[in-house]
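Q: In the numbering used here, the protein residues as written are 75 to 212.
(1) Measuring straight from C-alpha to C-alpha, what distance separates residue 108 and residue 133?
(2) When you compare the segment 162 to 181 with the segment 138 to 150, are there three or more beta-carbon pairs, one atom per stretch, that lie closer than 8 Å?
(3) In the DSSP assignment, what are the bridge partners of residue 175?
(4) Spatial neighbours of residue 199 within its chain, please: C-beta separation below 8 Å, excluding the five flanking residues on both sides.
(5) Between the alpha carbons of residue 78 and residue 154, how many angstroms are there, rounded?
(6) Taking the alpha-carbon positions, what's the residue 114 to residue 187 distance?
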């Protein structure tokens, strides 16, 4: 037996789905604060991420949206909209009309009024595709 890191990558050039899937699954991973230059450090520093990159697909870098904060950028990736269009313009925000505060730790972040646009997982479900998220961004 070998570990996952030592195994060869699967040959994914042919259209092949796992049992029970109609389409190949897509897994999108975002690592907060992870600069593109970290990938140049190689498998001795970040072996698991290097293995995911080598066996899957990746972008060479991401050009962040302004403001360069986590939530605005993740929601831009999820919706394809700029922050001024989807409404998430910071990790923490205050709405004077509702006298409400949005932040990572508060329950107010779950209120739909903050979130404009439609994230990719909602679009997928509406098309009959199974979708799930884990902290992306809520």
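Cβ coordinates follow ideal geometry from the N, Cα and C atoms, glycine included. These numbers were taken from a predicted model, which means no experiment stands behind them.
A: According to the structure data:
(1) In a straight line, the C-alpha of residue 108 is about 13 Å away from that of residue 133.
(2) Yes, the segment 162 to 181 touches the segment 138 to 150.
(3) Bridge partners of residue 175: 168.
(4) Excluding positions up to five away in sequence, the list reads 205.
(5) Inter-residue distance for residue 78 and residue 154 is about 33 Å (C-alpha atoms, whole angstroms).
(6) Between the alpha carbons of residue 114 and residue 187 lies a gap of roughly 40 Å.
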